[in-house]
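Let me begin by presenting the structure, written as structure tokens, before commenting on it.
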Amino acid sequence: MTQSAPQIVASSATVSDKIRALNEAGYSRAEIAKLLGKRYQHVRNVLEADKIRAPAMRFAVPSNEPFASSEHGAFFRLSLRPDGSVILPPEVCTALKIGPGDVLVGRLEGRDFSLTDGETSIRRAQEFVRQLMPVGGGSLVDELLADRRREAAEAEANG
């Protein structure tokens, strides 16, 4: 358990959210009930109801393509926590090959927000820069070095 119970409880708005967060952090139902001053049955009801609702909360677009396909994918219902964070489903982390501490790049376009893993974002940026390079042009590094040498020579000549 990386976060303490008070930290987890403080980051959640409703009692149900607190129960879910503590459960995800590895606390037992009995521990959750004791920490929140709730009955065990209340904790159980919240967690069991989530199991029943889970298929309705996550639905996939019918497709023969793999889960990570860019044309056919899966839709996930995500909830914004009071601290502004969102928990990604394990299927998303697996598909993106990401884990705790990995960097994601977010893109806001109108009212759509998408996430991409850092490696893919770097590759896309490199492709974009390649499109901007002149056709048949030399190395950008060589051009930069030549510019620097020319500027240094001019500065030396002008005193």
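One gets my numbering by counting positions in the sequence shown from 1 and adding 36 to each. We treat Cβ as the ideally placed atom computed from N, Cα and C, and that holds for glycine.
Asked                                                                                                                                    : Found
Do Ala57 and Ser47 have their CB atoms nearer than 8 Å?                                                                                  : yes
Tell me which same chain residues have a C-beta within less than 6 Å of the C-beta of Ala85, skipping the five on either side of it?     : none
So is Tyr76 buried or exposed if we call it buried at 16+ other beta carbons inside 10 Å?                                                : exposed
Going by beta-carbon coordinates alone, are Gly137 and Leu151 separated by less than 8 Å?                                                : no
For Leu71, report the span of its beta strand (DSSP E) as first-last.                                                                    : Per DSSP, Leu71 belongs to no beta strand (DSSP E); it is in the alpha helix (DSSP H), Arg65 to Leu72.
Round the Cβ separation of Val122 and Leu114 to the nearest angstrom and send it over; I've been treating them as touching at under 8 Å. : 5 Å
Apart from the five residues just before and just after Val79, which ones in its own chain have a Cβ nearer than 7 Å to its Cβ?          : Ile55, Arg65, Ile68 and Ala69
For the alpha helix (DSSP H) containing Arg160, name the first residue and the last one.                                                 : Gly154 to Leu168
What three-state label does DSSP hand Val200 in the structure shown?                                                                     : Nothing can be reported for residue 200: it is not among the residues displayed for the chain, which extend from 37 to 195.
Looking at the structure shown, is Ala61 part of a helix, part of a strand, or coil, going by DSSP?                                      : coil
Name the two residues that bound the continuous alpha helix (DSSP H) containing Ala189.                                                  : Leu176 to Ala193
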